[in-house]
Amino acid sequence: MEIIYFLVAILATTIGATAGLGGGVVIKPVLDSINTFTLPTVNLLSSATIFIMAVVSIIKQLLKKDKINKKSISLIAIGSVIGGIIGQKILRLLVEHSSNINNVNILQSVMLIVILLFAFFYMQYREKFKKYNLNSIILIILIGILLGSISAFLGIGGGPINVAILTIFFGMNAKEATRNSIIIIMFSQGAKILSVACTTGFGIYNLSALPVMLIGGVIGGLLGYKLNKKLSENSIVRIFNISVMLITLLNVYNIVKLL
15 MEIIYFLVAI LATTIGATAG LGGGVVIKPV LDSINTFTLP TVNLLSSATI
65 FIMAVVSIIK QLLKKDKINK KSISLIAIGS VIGGIIGQKI LRLLVEHSSN
115 INNVNILQSV MLIVILLFAF FYMQYREKFK KYNLNSIILI ILIGILLGSI
165 SAFLGIGGGP INVAILTIFF GMNAKEATRN SIIIIMFSQG AKILSVACTT
215 GFGIYNLSAL PVMLIGGVIG GLLGYKLNKK LSENSIVRIF NISVMLITLL
265 NVYNIVKLL
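Numbering (the working numbering), first residue to last: 15 to 273.
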């Protein structure tokens, strides 16, 4: 099974780093469909893999001195750290108090479908949306908290909604939003992993697949960064849209299977 987990990780993070999806939107539903691990373990495996992907991509960005909106992203990152802790706590409480863990899984899948469809239709009609350039420190941090909470709760990194929010509220194009989204992913997932370490610890999780998934995450982060730099904005949007629709269908399948 390790080769399957490796391939899932490398494919997910390559797409994630290329189109700003974050990788978790692929890893989470795929692991859910395989049904080998518990819900908390799937979330942690997904978060750890996309975290390492984000770290690799950001190191490449720093070395290449890519354009980053430092002020806005720094504030969103602060909010996403807070949100990452909140999202993980909400997930833990729901799992602990739910009489049927499948209900939590269905909730996550439904939320993910809503986010994916919003992102898909936004990318289709993005030229018709009014663009803003937020300067309010409080509003920017609140956006970071919201994005961090959602991504940590779902274990997805939040790439699709990150890209949409960054283009709407910060006037970025798709390529810029993708690069800046990776920074948000790193901080929110890093905070989530730290929260797990400081509360339940890692002993209750089955992390047997983690080493191969982390290796896949590193390779995927490097490949995705190169593709993001080489491909045109239209190509990135096309990859984004195709990926979103396929992942949405997989989530629908997972919901039907659990009902």
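A virtual CB, placed ideally from N, CA and C, is assigned to each residue, including glycine.
Taking the straight line between their C-alpha atoms, what separation do you get for Ile-100 and Cys-212?
If I take the Cα positions, the gap works out to 14 Å.
What is the residue span of the alpha helix (DSSP H) that Thr-63 lies within?
Note, Thr-63: alpha helix (DSSP H), 53-78.
Less than 8 Å between the beta carbons of Ile-250 and Lys-189, yes or no?
Yes, the pair counts as a contact, with Cβ atoms nearer than the cut-off.
Please report the straight-line C-alpha distance between Leu-279 and Gly-97, rounded to a whole angstrom.
What is shown of the chain runs 15 to 273, which leaves residue 279 out entirely.
Can you look up Met-259 in the DSSP assignment and give me helix, strand or coil?
In the three-state reduction of the DSSP assignment, Met-259 falls in the helix class.
Excluding five sequence neighbours on each side, which residues of the same chain lie with their C-beta closer than 6 Å to the C-beta of Ala-23?
Excluding residues within five positions, the ones whose Cβ falls inside 6 Å are Thr-63, Met-227, Gly-230 and Gly-231.
Considering only their Cβ atoms, is the gap separating Gly-204 from Gly-158 smaller than 8 Å?
Against a cut-off of 8 Å, the Cβ pair of Gly-204 and Gly-158 comes out as no contact.
By Cβ distance below 6 Å, which residues in the same chain neighbour Asn-57 in space, the five residues on each side in sequence not counted?
Taken in chain order, the residues that qualify are Gly-169.
Evaluate Met-186 with the Cβ neighbour count: other Cβ atoms within 10 Å of its Cβ, from every protein chain shown; 16 or more gives buried, anything less gives exposed.
Burial call: buried.
So, for Asn-220: in the same chain, excluding its five sequence neighbours on each side, which residues have a beta-carbon less than 8 Å away from its beta-carbon?
Cβ within range, chain order: Phe-51, Thr-52 and Thr-55.
Whether Met-67 touches Gly-235 by CB criterion (8 Å):
Their beta carbons are under 8 Å apart, which means Met-67 touches Gly-235 by this criterion.
If we call anything under 8 Å between Cβ atoms a contact, is Ser-71 one with Lys-42?
Cβ distance not < 8 Å, so Ser-71 and Lys-42 don't count as in contact.
Pull up the distance between the alpha-carbon of Asn-265 and that of Leu-126, whole angstroms please.
For Asn-265 and Leu-126, the distance between alpha carbons rounds to 8 Å.
Neighbourhood of Ala-166 by C-beta, 6 Å cutoff - its chain only, sequence neighbours within 5 removed
Here the set comprises Gly-98, Gly-101, Gln-102, Ser-202 and Lys-206.
Hey, quick one: how far does the alpha helix (DSSP H) through Phe-143 stretch, first residue to last?
Run containing Phe-143: none; DSSP gives neither H nor E here.
8 Å Cβ cutoff met for Asn-194 and Ile-87:
Asn-194 places its beta carbon less than 8 Å from that of Ile-87.
What is the DSSP secondary structure of Thr-50, reduced to helix, strand or coil?
The answer is coil: DSSP assigns Thr-50 none of H, G, I, E or B.
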